[in-house]
Amino acid sequence: MKLVVVCPHFAPDVAPTGAVVTRIVEELAARGHRLDVVTSLPWYRHHRVEPGFDGRLVRLEDTPWGRITRLHPFPARDKRSIARRAAAFAGFSALAAGVGVRAGRRARGRVDGVLAMSPPLTLGVVGLAVARAARAPLVFNVQDVYPDVAVELGVLTDRRLVAAAARLERFCYEHADAVTVLSEDLRDNVAAKIGRGDVVRVIPNFVDTQWIRPGPHENAYRRDYGLGGKTVVMYAGNVGLSQSLDTVLDAAAALAYEPDVVFVVNGGGAARADLERRATGMPNVRFVDMQPAERLPEVLAAADVHLVPLRRGLARASVPSKSYSILAAGRPLVASVDEGSEVARVVERSGAGLAVPPDDPEALAKALRSVLDSPAERARMGAAGRAWVERWVSPAAVASSYEALFAELRGTE
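For the sequence shown, numbering that gives the first Met the number 0 gives the first residue as 0, with consecutive numbering after it.
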């Protein structure tokens, strides 16, 4: 098959969704398919185009399996500004639509499918335009449900904007030939909005258990950041508005009497500056910049306990893929998430940790205390998580699911 992929990030960009779609493309290419990728120039790490990629609006890369077209993302420095982020998404999406539609028309009749990834939601429209130009079916992959996330965070409050975003969301779902989501929670969310569930398919993200494996706690990462001999409670990921990291700081304050326990926040994002200011005078809290992607197994192994904190209401619109990576690393997980959400169910089913209500510092501190008090229990949880995730879907299995879905859609045209 020949496929077109429209996505906001792609390697060497370090965004989590970029890592997901890059591996799917690689697996599809290994199965003999040709792919054209329309994406942005790398910009996620510092919220500006990476050196070596700047200076041009469009860059083309030919690969053994197809072509990568990288476009300027017009990054907004202030991630808290809805207006600036919307303008950036609109600029990138317009450029992607122009490039993608021209390519689709040239390849009309020779494209077997288009895969578009959200967020941003505007790429659903871009994917539709490319699919129509190429006369090919569209699969719309939803990583996070928008505008639900923005509304729950309180960053999108204007009723007119909420209504407009909801209309755009429904338009994208209703005009896709299939919508793929990461969990049953997200499936129910999307199906309820369009009044039908037959077009919504669950294809979860994957974890590469060959790459991410249990490793020694005392490693180079710990040495680099002065963590040797410490009991490390870690949050590793985007330090953004969705994560309830203020709750983590409150839990750290409650456990400050433990001299060997250190809370590490590894990553960057819109909320980090405010979080660092709030943590002033807290010697048991450390901030570490985002690490190179190839260092992820080492970062995960350095922790004794990992955290997945999401603000109330968000766990039903977002599934942090880091949860599966933590389990693959053989480390226990304490999740502060909505009851009954996908993450809470994973923790319960795997036996890999504990789940507590969101935005509840006391519950989080108590859960951490119980895990930290028993090294044997931590080891048991880590082993249980690893065993569970080894039965989880592999990158090859996810690629196979997309391959089968496109073959099905082409067969029904």
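No residue lacks a Cβ here, since even glycine has one placed at the ideal position from N, Cα and C.
With distances taken between CB atoms, is the gap from residue i to residue j smaller than 8 Å?
i, j, result
"P118", "F91", "no"
"R66", "L40", "no"
"G225", "P319", "no"
"L27", "L56", "no"
"A417", "P215", "In the structure displayed, the chain extends from 0 to 412; residue 417 sits before or after that span and is not available."
"A343", "A354", "yes"
"M116", "V20", "yes"
"L313", "V148", "yes"
"D288", "G267", "yes"
"R324", "I211", "This sequence places Ser at residue 324; Arg is not what is there. Yes, they are a contact pair."
"G239", "A278", "no"
"P7", "T38", "yes"
Which one of the options has the shortest CA to CA distance from residue i?
i, options, result
"P357", "A366, V48, D372", "A366"
"F9", "R22, M0, V141, L2", "R22"
"L183", "A354, D143, V264", "Correcting the residue type first, residue 183 is Glu in the shown sequence and not Leu. Of A354, D143, V264, the residue nearest in Cα terms is D143."
"A93", "G112, L114, W64, G123", "G123"
"L167", "A89, D111, R222", "A89"
"A87", "W42, R368, R276", "W42"
"R200", "A375, W210, L181", "L181"
"G17", "V154, F170, F205", "F205"
"V13", "E49, G31, A354", "E49"
"E217", "V238, E297, T179", "E297"
"Y401", "R30, Y220, V247, P15", "R30"
"L120", "F170, G99, R101", "F170"
"V468", "Y234, M289, P291, R158", "There is no way to answer for residue 468, as the model of the chain reaches only from 0 to 412."
"K321", "A278, P203, E376, P258", "P203"
"V264", "Q290, H32, R158", "Q290"
"R222", "R159, P15, A302", "A302"
Tell me, to the nearest whole angstrom, how far the beta carbon of residue i is from that of residue j; I am working on the premise that it is less than 8 Å.
i, j, result
"S414", "R310", "Only positions 0 to 412 of the chain appear in the structure, and residue 414 is not among them; the question remains open."
"R84", "A75", "5 Å"
"L295", "V388", "15 Å between Cβ atoms; not a contact."
"L70", "V113", "Incorrect: roughly 16 Å between the Cβ atoms, too far for contact."
Leaving out the 5 sequence neighbours to the left and right, which residues in its chain are closer than 7 Å to residue i when beta-carbon positions are compared?
i, result
"V24", "V4, L34, V36"
"A406", "none"
"V260", "T230, V232, L254, N283, L371"
"A251", "F262, M281, N283, V284"
"G329", "P213, G381, A382, G384, R385"
"D111", "M0, K1, L2, A135, F405, R409"
Can you list, in chain order, the residues of its chain whose CB lies under 6 Å from that of residue i, leaving out five sequence neighbours each side?
i, result
"G103", "V129, A132, A133"
"G196", "A190"
If I measure Cβ to Cβ from residue i and keep anything under 8 Å in the same chain, skipping five residues before and after, which residues do I get?
i, result
"V161", "P146, V150, L155"
"S393", "F205, D207, T208"
"P374", "none"
"E412", "Because the pLDDT of E412 is 45, which lies under 50, any placement of that residue in the model is unreliable, and the number read from its coordinates should be weighed accordingly. So the list reads P136, once near-sequence residues are dropped."
(request) Determine contact between the region 395-403 and the region 333-346, defined as no fewer than three beta-carbon pairs at a distance below 8 Å. (result) no
(message) Check whether the region 119-139 and the region 93-109 touch, using three or more Cβ-Cβ pairs below 8 Å as the test.
(response) yes
(message) Tell me whether the region 171-181 and the region 133-151 touch, counting them as touching only if at least three CB pairs, one residue from each stretch, are closer than 8 Å.
(response) yes
(request) Examine the Cβ distances between the region 299-309 and the region 185-202 and report whether three or more of them are shorter than 8 Å. (result) no
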